[in-house]
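Read the structure below first, then the notes.
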Amino acid sequence: MAQKQKAIPLKQRLQYRLDNFMSKGGMAVFLALLCLFFIAFVIMSTVRMSVFWFFPDAGVDGLSDLNWRVFFQIIDSGSLAELDAGSNLASKLVGIVTIFFGLVLFSSMVAFITQQFEERLALLRKGRSAVLESGHTLVLGFGDRLVDMLRGLIIANESESDAVVVVLAQNDKEQMDDYLREQILDWQTTRMIVRSGNTASLPTLRKVGVEHADSIVILSDAKPSQTLQVKELADARVIKAIMAVLAITGDRSGIPIVAELHLARNRELAESVQPGRVTTLDETDLLARMLVQTSRSVGLSVVYSDLVGFEGNEFYFFRPKQGWGPLTFGQLQLHFQRSVPLGVRNVNHQIRLNPPPDYPMLPEDEVVILAEDDSTIKFFDKPVMVPITLSYSEQRASVPKEKHLIIHWTTKTPIVLKEYASYLTSGSQLHLVVQQNSDALRQTFTQIAEQNPNVVMQIRELDLSRYAAIRAIRPHRYNTVAILGRPSATAEEIDTRTLLILLQMRRHFRAYAEETGETVTTKLITEVVESENTELVVKTGVRDFLLSNRFISKIFAQAALNPEVMFVYDQLFSAEGSEVYLKSVALYFDPEESPQVSFGDCMLAAQAREEVCFGVKLIADEAHAERNFGVQLIPKRDETFRFEPGDCLITLAEDES
0 MAQKQKAIPL
10 KQRLQYRLDN
20 FMSKGGMAVF
30 LALLCLFFIA
40 FVIMSTVRMS
50 VFWFFPDAGV
60 DGLSDLNWRV
70 FFQIIDSGSL
80 AELDAGSNLA
90 SKLVGIVTIF
100 FGLVLFSSMV
110 AFITQQFEER
120 LALLRKGRSA
130 VLESGHTLVL
140 GFGDRLVDML
150 RGLIIANESE
160 SDAVVVVLAQ
170 NDKEQMDDYL
180 REQILDWQTT
190 RMIVRSGNTA
200 SLPTLRKVGV
210 EHADSIVILS
220 DAKPSQTLQV
230 KELADARVIK
240 AIMAVLAITG
250 DRSGIPIVAE
260 LHLARNRELA
270 ESVQPGRVTT
280 LDETDLLARM
290 LVQTSRSVGL
300 SVVYSDLVGF
310 EGNEFYFFRP
320 KQGWGPLTFG
330 QLQLHFQRSV
340 PLGVRNVNHQ
350 IRLNPPPDYP
360 MLPEDEVVIL
370 AEDDSTIKFF
380 DKPVMVPITL
390 SYSEQRASVP
400 KEKHLIIHWT
410 TKTPIVLKEY
420 ASYLTSGSQL
430 HLVVQQNSDA
440 LRQTFTQIAE
450 QNPNVVMQIR
460 ELDLSRYAAI
470 RAIRPHRYNT
480 VAILGRPSAT
490 AEEIDTRTLL
500 ILLQMRRHFR
510 AYAEETGETV
520 TTKLITEVVE
530 SENTELVVKT
540 GVRDFLLSNR
550 FISKIFAQAA
560 LNPEVMFVYD
570 QLFSAEGSEV
580 YLKSVALYFD
590 PEESPQVSFG
600 DCMLAAQARE
610 EVCFGVKLIA
620 DEAHAERNFG
630 VQLIPKRDET
640 FRFEPGDCLI
650 TLAEDES
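Under numbering that gives the first Met the number 0, the letters of the sequence shown match residues 0 to 656, in that order.
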């Protein structure tokens, strides 16, 4: 080996070492240029001193002045014009050669600096630089729900002077920046930092400060309408990202992780990796249960729109420093002014919504409280008002038989059928219309029908894009018609098909009203995938609607800041336990006997029925969007209302009776 090394010419070995040195990057190039500059200065100074020795120049004042002139001629080509007119020819020739070396060296230096600057800009455009932040929200993934989730985080961070959200995804950084700037015009106090890279790469996660984040949200790149194979692959990538985060932050880190997973088995797997730290969200289940609840009560979707996200009111966990004192949960209601306790979380973090009014508050208990902002939560030692003694009604609402129609078979349909069956009284009807039937579909439907024999279930196969098919099902006979988004390639195609059916429904309702003179009372409920299509849906006559991405994205935003809020939503949207209902004021007291009723008295009237009242719905404002369609949440306890027939109390109750 040594003999072969000696056989290599010296010039080639020097070239090889120079290439290795230069390949180390910008600093090596800079040092090489600096070294060449120094060598040129030494050589030209030596030449100039030699020339000066044999051909003295009267304009040069000593050797120091001579060296200065050489240095100045290297760095400034214009110094040639400044040569003294009395300088001899030899000095001028040496000056010309010196300036030539300077031109070459400094042109190379300028080109190097320009190249380094462009490379730095290119690196910034690629989004590969490190993030030196702490206490930020880290979002891994770039999907459809990101914009709505970011809007929620921006509103939640209004009270902070400098909030930071970091987004890491494999998309191109410039495209992500342009998209977010186009969709969100006002960032308020929130700074957005976007980086491009693999969300499961340990070095990349370290660059975005995963160890210093306050919370981590992992989004799926698959949509609910896509195939099972695509969802499985997307879930695998999310789980891989979870494992990468845990590998960096360690098992003892308290940084919460909120992940979007489509399949139930993958959600169970992710939550079992580190119980209590990883929270998953089931979009299909939540939306299905929300659709059933909103379809059975006009105005409930407005309430949910206010509850979900940060634009209106949100859930907090609160406990005063001085403790609760000898108070029951019922008495606690009048010790807050601009917030309403809805439940209790004990020392074991178990949540119970709508506990009995006589439940004694323990020192370690926290209340699940609804408030506009955490700054509006204030506990008063004494009641904020003295209620008027009213004669509360013990009347119970009769629950009539209902008839509902569901259109399209999706992943949500089985959940919707089961949820409807758990709410409906015996003898109610539940019909399903599908575009194309199959043995597997029919088998699943039959199994659900057999499990709920008290509800009459039927299934039909029809092409509802035809007006004749719409007339055949006679939708005006149903209490509600719920149109689910039929699976398709894109969200735009799903909403387009939904809009076509809605227009056919509206045509039928208009024709029926003209033929019979009767008013159609059927409520149209629909699933809207793209939030931008909301206005189009409203104009087709929908009285209540469900915004898929917006609702779930808002819940994601809340869970990102406080993952335990997911337990509250799970209970709210479940048929078991307490749910939100809009109940007629006539069930609580006689409006004619009590023309002026304070909100505090409404809360006490609800307590008499073991319910929690947290708002009112006034029918006089039902058609006014600027008045939130008549829905008022958390009025002041002493605010009075003059109720009319049709007005409702918004309560948390066990059932709708």
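Just so you know, even glycine gets a beta-carbon here, dropped at the ideal spot from N, CA and C.
Check	Outcome
Near the ligand COA: residue 504 beta-carbon under 6 Å from a heavy atom	The ligand content of the structure shown is nil, which means the ligand COA is not present either.
Terminal residues of the alpha helix (DSSP H) in which residue 509 lies	490 to 515
Residue 334 to residue 319 span [Cα, whole Å]	12 Å
C-alpha gap between residue 471 and residue 510, whole angstroms	14 Å
At least 3 beta-carbon pairs within less than 8 Å: the region 417 to 437 vs the region 457 to 474	yes
Residues of its chain near residue 287, where Cβ-Cβ distance is below 6 Å and the 5 sequence neighbours each way are ignored	411, 414 and 415
Ordered list of beta strand (DSSP E) runs contained in the region 344 to 387, each at least 3 residues	350 to 352 and 365 to 370
Residue 193 beta carbon less than 7 Å from that of residue 172	yes
Residue 11 burial status per 10 Å Cβ neighbour count (16 or more: buried)	exposed
Same chain, Cβ closer than 7 Å to residue 284, five either side skipped, listed in chain order	414
Nearest-angstrom Cα separation, counted from residue 241 out to residue 636	45 Å
DSSP bridge partner residues for residue 482 (one or two, in chain order)	406 and 525
Residue 362 burial status per 10 Å Cβ neighbour count (16 or more: buried)	exposed
Residues near residue 664 by beta carbon distance below 7 Å, same chain, minus five either side	Any question about residue 664 goes unanswered here, given that the chain covers just 0 to 656.
Backbone CA spacing between residue 451 and residue 477 [nearest angstrom]	20 Å
Under 7 Å between C-beta atoms of residue 336 and residue 367	no
Contacting residues, own chain, Cβ-Cβ under 7 Å from residue 696 (five flanking each side not counted)	Any question about residue 696 goes unanswered here, given that the chain covers just 0 to 656.
Residue environment, residue 381, which counts as buried when at least 16 other CB atoms sit within 10 Å	exposed
Cβ contact check for the region 339 to 356 and the region 565 to 574: 3 or more pairs under 8 Å	yes
CA-to-CA distance, residue 152 to residue 694, given in whole angstroms	Here the chain comprises residues numbered 0 to 656, so residue 694 is not present and cannot be evaluated.
CA nearest to the CA of residue 650, picked from 632, 612, 628 and 627	612
Local conformation of residue 652 per DSSP, three classes	strand
Cβ neighbour criterion (16 or more within 10 Å) applied to residue 515	exposed
Simplified DSSP assignment, three categories, for residue 457	strand
Buried or exposed (CB count within 10 angstroms, at least 16 for buried), residue 345	exposed
Same chain, Cβ closer than 8 Å to residue 170, five either side skipped, listed in chain order	141 and 195
Residue 562 versus 13, 209, 144 and 279, residue with shortest Cα-Cα distance	279
Start-end ranges of the alpha helix (DSSP H) lying completely within the region 429 to 477, minimum 4 residues	438 to 450 and 466 to 472
Cβ pair residue 93, residue 41 closer than 7 Å	no
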